[in-house]
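In my numbering, the protein residues as written are 4 to 717.
Written out below as structure tokens is the structure these notes cover.
Here it is as structure tokens:
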């Protein structure tokens with residue numbers, strides 16, 4: 004029992020990571036649709052490569068959606084929206100109009116004809132023509148309103164937004180009798196108002212010689228629309244019921260395949276008719292048989308999903324163990340995979356849009372920004388395979404997106420340049436289009452039947468890739484990662500911290516520039532992130548700003564301040580620049596990846612000069628070498644190891660008296676061999692070939708810096 008507990012304690016981190024992957028796998032299984040998966044892959048126009056297929060059960064042949072849509076449009080041509088006639092509306096509105104018209108006529112007459120009051124208007128004989136004119140106009144207008152209401156004023160004409168043919172007739176129910184009327188035979192409130200105004204203008208004002216010219220203004224400006232409310236009311240419930248009955252009457256099937264009936268043989272061409280039967284079988288299987296299997300289907304999905312994530316775990320353990328060592332990085336990678344699968348699942352389940360609009364290549368773009376191209380492409384392929392399990396035409400989807408992901412990763416050689424994402428979006432769009440064109444030609448055999456809306460979706464997909472910019476910024480700030488764009492900014496020598504280094508410790512600043520050049524050339528040869536190396540090298544010695552004169556590169560002659568100190572004190576000052584550099588970097592909010600260069604650029608090496616001087620002066624003393632050693636840690640990546648090498652080589656090269664190829668070779672070989680003997684590179688995953696390449700780069704660069712010429716034999 005104790006052995007088991009000890010084993011668990013020693014492997015607790017690995018157990019946590021394994022449990023995290025299991026939890027993520029369960030989450031993905033929960034996200035995925037519950038249906039089973041049809042076992043056969045096939046494409047229209049291709050050859051059936053499987054064994055002869057017999058119907059495992061009886062199932063209907065479902066008609067193609069295009070055929071159903073055509074019949075639906077044909078049926079809806081005979082659909083008429085239902086309206087109810089309101090018999091009381093005309094009398095009610097005409098009564099209101101009559102009362103208001105007479106009252107407003109009198110008010111208008113009093114205000115424009117110098118009549119003292121309404122009583123005077125009705126009692127004075129000289130106003131008799133006005134009263135007769137009022138009666139004439141009122142009766143004419145009420146008669147017209149009666150005709151309009153008799154024809155009918157409809158309240159709304161419902162719009163069809165799903166492609167149905169516009170209505171040319173409606174059904175009006177009067178006294179429980181339904182009758183079809185052309186749309187042009189009824190009024191809307193707007194057309195009824197225009198009819199009233201037209202009548203006033205053309206039939207009322209022109210033929211009648213009005214005794215007083217001001218009444219034409221009254222008749223033109225009267226608010227007729229207030230009395231022309233609808234008397235034919237749309238019945239949404241009955242209309243929807245009739246419409247649904249028409250649509251429900253459309254048959255979704257075109258026959259039946261009996262159990263045991265032959266469907267297709269090996270080598271047979273998958274014609275449109277065969278494809279329809281196969282699609283019907285797949286639909287029936289996934290919607291019914293898969294659901295009946297229930298928990299067993301879920302177990303199968305968990306096996307497939309966990310296998311996919313376990314492959315990711317193996318990849319990280321073998322090739323990117325530093326990622327696996329960080330819970331934050333693991334969480335970020337798994338979160339991005341989950342988000343992509345969730346978005347795809349929701350889009351498919353709720354039919355929100357075509358799955359080809361979704362910019363899946365954003366995943367490798369973001370992962371390459373924070374990690375590397377190999378990891379980004381591997382994660383993208385696994386994610387696409389998982390999503391391909393739930394999308395229609397899985398092979399087509401996977402084929403398109405794998406190619407698009409490869410192109411995206413290859414095109415982002417310098418993603419810190421802003422134009423690169425735009426170029427990548429365009430290249431991805433072209434890749435989708437070209438690959439789909441090839442697939443469509445193979446499936447359909449001709450361009451006429453190609454679904455051209457796919458190219459519109461690819462265009463939208465390419466534009467959506469541009470949201471990578473804000474996403475990279477959000478993830479960078481949320482997870483504390485560092486993008487290449489940020490590294491470019493940090494490498495600018497006008498950054499405040501670097502300017503301060505150049506002013507307070509100019510020798511250290513020049514040393515850092517040379518280290519950056521050496522390390523950048525070396526990491527480019529062996530493979531790594533040159534931008535990260537350059538930024539790390541520029542900041543690796545910022546701790547020397549505290550006591551710059553104690554470091555030889557900042558001494559311009561005169562007394563050496565170390566002459567007045569004990570060897571241990573001098574060693575402590577030299578070693579202390581690492582801790583001071585770390586504190587200064589964090590105070591100025593430098594990313595942790597840059598802080599790693601400061602902490603590791605001396606590893607656990609010894610300050611040899613002061614250590615050997617101490618031993619020479621005190622040969623009998625029992626001294627702990629750790630008092631003269633840097634606290635570490637050792638470099639844990641190629642980048643930090645290369646900066647350690649470049650730092651030591653560049654500093655030592657300044658002390659060379661006679662500079663030629665031989666002395667440079669001996670210097671580089673000696674320093675790197677000593678660091679290897681001290682096992683400073685053990686955690687950096689450098690191969691012997693990498694180290695040999697780095698040596699050659701350093702020798703060549705130092706020879707160029709010091710203008711070493713080949714000495715030709717006499």
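Yeah, the Cβ is synthetic: ideal placement off N, Cα and C, and Gly gets one too.
By alpha-carbon distance to residue 699, the top candidate from 679, 664 and 681 is 664. Residue 190 sits away from residue 160, with the two beta carbons spaced by 9 Å or more.
Under the three-state reduction of DSSP, residue 329 is assigned to coil, being neither helix nor strand. Residue environment: residue 270 is assigned as exposed (fewer than 16 neighbouring CB atoms within 10 Å of its CB, all protein chains considered). The continuous stretches of alpha helix (DSSP H) do not include residue 259, which lies in the beta strand (DSSP E) extending over residues 256 to 260. Secondary structure of residue 489 (DSSP, three-state): helix.
Counting along the chain, residue 265 sits inside the beta strand (DSSP E) bounded by residues 265 to 267. Look at residue 657 here: in three-state DSSP terms it is coil, with no helix or strand label. Beta bridge pairing from DSSP links residue 236 with 87. In the DSSP assignment, residue 376 falls within the alpha helix (DSSP H) that extends over 376 to 391.
Between residue 445 and residue 49, the beta carbon gap of about 7 Å places them in contact (Cβ cut-off 8 Å). Secondary structure note for residue 175: its beta strand (DSSP E) is the uninterrupted segment 172 to 177. Excluding the 5 residues flanking it on each side, residue 465 has same chain C-beta neighbours closer than 7 Å at 428, 429, 431 and 432, in chain order.
Only residues of its own chain outside the window of five on either side were considered, and among them 570 have a CB closer than 8 Å to the CB of residue 620, listed in chain order. Of all alpha-carbon atoms in 144, 79 and 653, the one lying nearest the alpha-carbon of residue 249 is that of 79.
Counting along the chain, the unbroken beta strand (DSSP E) around residue 184 starts and ends at 180 to 185. DSSP, read as helix, strand or coil, puts residue 157 in strand.
The beta carbon of residue 345 lies closer than 6 Å to those of 34 in the same chain, with the five residues before and after it left out. Contact between the region 622 to 636 and the region 506 to 518 is absent: fewer than three C-beta pairs spanning the two stretches fall below 8 Å. Residue 253 sits in coil when the DSSP states are folded into three classes, being neither helix nor strand. Here the alpha carbons of residue 604 and residue 644 stand approximately 7 Å from one another. When the beta-carbon positions are compared, residue 412 and residue 380 come within less than 9 Å of each other. Residue 516 and residue 537 have their C-alpha atoms roughly 9 Å apart. For residue 64, the three-state secondary structure derived from DSSP is strand. Residue 121 is a Cβ neighbour of residue 109, given a cutoff of 9 Å. Contact check for residue 524 against residue 657 fails: the beta carbons are separated by 9 Å or more.
Contact between residue 591 and residue 500 holds, with the beta-carbon distance rounding to 5 Å and staying under 8 Å. A direct Cα-to-Cα measurement between residue 486 and residue 372 gives close to 6 Å. Residue 190 has 156 as its beta-bridge partners, per DSSP. With a cutoff of 9 Å on beta-carbon distance, residue 573 and residue 607 are scored as not near each other. Taking a 10 Å sphere around the C-beta of residue 683, we find 16 or more other C-beta atoms and assign the residue as buried.
Of all C-beta pairs linking the region 466 to 485 to the region 327 to 343, three or more are shorter than 8 Å, placing the two stretches in contact.
In this structure residue 17 is exposed. Its beta-carbon is surrounded by fewer than 16 other beta-carbon atoms within 10 angstroms. For the region 490 to 515, not one full-length beta strand (DSSP E) segment reaches 3 residues or more. In the DSSP assignment, the residues bridged to residue 632 are 609. Under the DSSP assignment, residue 466 falls in the alpha helix (DSSP H) whose first and last residues are 456 to 467.
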